[in-house]
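In full-length UniProt numbering, the protein residues as written are 1 to 225. Here the structure comes first, spelled out in structure tokens, and everything after it is commentary.
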């Protein structure tokens, strides 16, 4: 591809940044995300091109490789979530309200950007095993996002609006585990709308799933066995 001058043309087009070029890149990213979701990361640029009704060679004018496409998918997903989380952290809302807003932001983002988030979550382990500069940056940004969420939870414990008998790390992993598991079951055709999913997650996380006294009763029953 370099001998044909396509790499130089791509670089020049990126630097120029015309609206049409950027729009086409975004269209390719959306198509690639769907292809990777349906066929896994083993899918090829030819598969992406077929989904767009074009030739594989034309993709190289916008992206140099399949890996570069995945990087853009992940980059977009992280940028959106980080921006939303920072805004929530700086808001004047109470901590429980911030947590509800955070969960809603994560769920709505997941639904609106499906299947981009599927690709990111499913490939996070593979990304973590890489030692490229990009992979290191992604993992670092992911950790920053997790730290931001923990800071919100910690604020709630310090002000007395959240239980202080549950370690922050455990609580944050419960939150992330709940939302991130959506990649296994959520599809745009899911019968429950994203807003109701977010509300359910928030109710479970903030109020607890067991009725008052159920945990003590369960412990007593276990002791009698």
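The beta carbon of each residue, even a glycine, is placed where N, CA and C say it ideally should be. As the structure is a computational prediction, the values presented were derived from the model and not from experiment.
message = What does the Cβ neighbour count give for residue 165, buried or exposed, with the cut at 16 atoms within 10 Å?
response = Start at 1 with the first residue of the chain shown, and residue 165 comes out as number 165. Residue 165 should be labelled exposed.
ask   = What runs of the beta strand (DSSP E), each 3 residues or longer, lie entirely inside the segment 155-193?
value = As summarised for the segment 155-193, there are no continuous beta strand (DSSP E) elements at least 3 residues long confined to that stretch.
ask   = Pairing CB atoms from the segment 65-75 with CB atoms from the segment 26-34, are three or more of them under 8 Å?
value = A contact exists between the segment 65-75 and the segment 26-34.
inquiry  = Tell me the DSSP secondary structure of residue 131 in three-state form.
reply    = Here residue 131 corresponds to residue number 131 of the chain shown, with the count starting at 1. DSSP places residue 131 in coil when its eight states are reduced to three.
key: Whole-angstrom distance between residue 90 and residue 9, CA atom to CA atom   = Taking the chain shown and counting its residues from 1, one reaches residue 9 at position 9. Taking the chain shown and counting its residues from 1, one reaches residue 90 at position 90. Between the alpha carbons of residue 9 and residue 90 lies a gap of roughly 42 Å.
message = Using a Cβ-Cβ cutoff of less than 6 Å, which residues in the same chain neighbour residue 28 once the five nearest sequence positions on both sides are dropped?
response = To locate residue 28, count along the chain shown from 1; it is residue 28. Cβ neighbours of residue 28 beyond the five flanking positions: 62.
inquiry  = Taking 7 Å as the limit between beta carbons, can you name the residues of its chain near residue 3, skipping five residues before and five after?
reply    = Counting from one through the chain shown, the residue named residue 3 turns up at place 3. Per-residue confidence for residue 3 stands at a pLDDT of 45, beneath the threshold of 50, marking its modelled position as unreliable; the derived number appears in the next sentence. Closer than 7 Å at Cβ, skipping near neighbours: no residue.
inquiry  = So for residue 92, helix, strand or coil by DSSP?
reply    = Counted from its first residue, the chain shown places residue 92 at position 92. Residue 92 sits in coil when the DSSP states are folded into three classes, being neither helix nor strand.
ask   = Which whole runs of the beta strand (DSSP E) in the segment 44-110 are 3 residues long or more, in chain order?
value = For the segment 44-110, there is no continuous beta strand (DSSP E) assignment of 3+ residues that stays within its boundaries.
ask   = Using DSSP with H/G/I as helix, E/B as strand and the rest coil, what is residue 10?
value = The residue given as residue 10 occupies position 10 in the chain shown. Helix at residue 10.
key: N-terminal and C-terminal residue of the alpha helix (DSSP H) that residue 21 is part of   = By 1-based counting over the chain shown, the position of residue 21 is 21. Where residue 21 is concerned, the enclosing alpha helix (DSSP H) stretches over 19-39.
query = Three-state secondary structure (DSSP) at residue 120?
reply = If you number the chain shown from 1, residue 120 lands on position 120. Here residue 120 sits in helix by DSSP.
ask   = Is DSSP giving residue 42 helix, strand or coil here?
value = Here the question's residue 42 lines up with position 42 in the chain shown. Three-state DSSP puts residue 42 in coil, outside helix and strand.
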